[in-house]
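Per numbering that gives the first Met the number 0, the sequence shown starts with residue 0, numbered consecutively.
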Amino acid sequence: MENNSENPILDDASDHARKFKQAGYGFLILNLIYLGVAMVFIPPFNLGLSALLSLLAFVLLLGVLTYYLLQQKKRLAQALAIIYAARSAYAAYSLTVAGTFEAVPFLLPCLLATFYLLGRAGWDWP
Numbered sequence: 000m001e002n003n004s005e006n007p008i009l010d011d012a013s014d015h016a017r018k019f020k021q022a023g024y025g026f027l028i029l030n031l032i033y034l035g036v037a038m039v040f041i042p043p044f045n046l047g048l049s050a051l052l053s054l055l056a057f058v059l060l061l062g063v064l065t066y067y068l069l070q071q072k073k074r075l076a077q078a079l080a081i082i083y084a085a086r087s088a089y090a091a092y093s094l095t096v097a098g099t100f101e102a103v104p105f106l107l108p109c110l111l112a113t114f115y116l117l118g119r120a121g122w123d124w125p
């Protein structure tokens, strides 16, 4: 496809903003999916006050990080991409070890997709 735009600088800026928007919303949605899948596989437990407060803190932290990703914070995207790369590598390694958490095969795609979206924003990947 041809780019018929008259100002390529504006196209680069809008492409950059689009990558951060995708990274922010992708980060939020994939982490909520991750939380849902993990909750399905965790053995039943008492949802007491501390468990509910922990879930609330997790969701609030996701909201804050998503907000700053939508503000196009490049260092945050890079730091989160490195964290998600390490989490993905450890999850892939744990698939080869006996006794791993049974949800890992379902959680690994969420980690890899999040890593890719954050890497696109942080290092301007295609």
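Where a beta carbon is used, it is the ideal one built from N, C-alpha and C, also for glycine. Keep in mind the model is a prediction, meaning the values are calculated, not measured.
Taking a contact to require three or more Cβ pairs closer than 8 Å, the stretch 27–34 and the stretch 75–92 do not qualify as touching. By the neighbour-count definition (other C-beta atoms within 10 Å, threshold 16), LEU79 is a buried residue. The stretch 48–56 makes no contact with the stretch 92–100, as fewer than three CB pairs between them are under 8 Å. The C-beta distance from GLN77 to TRP124 rounds to 11 Å, too long to fall under 8 Å, and the pair is not in contact. For LEU54, the three-state secondary structure derived from DSSP is helix.
Here LEU107 is near ALA91, since their CB atoms are less than 8 Å apart. Under the 10 Å beta carbon count, GLY118 is surrounded by 16 or more other beta carbons and is classified as buried.
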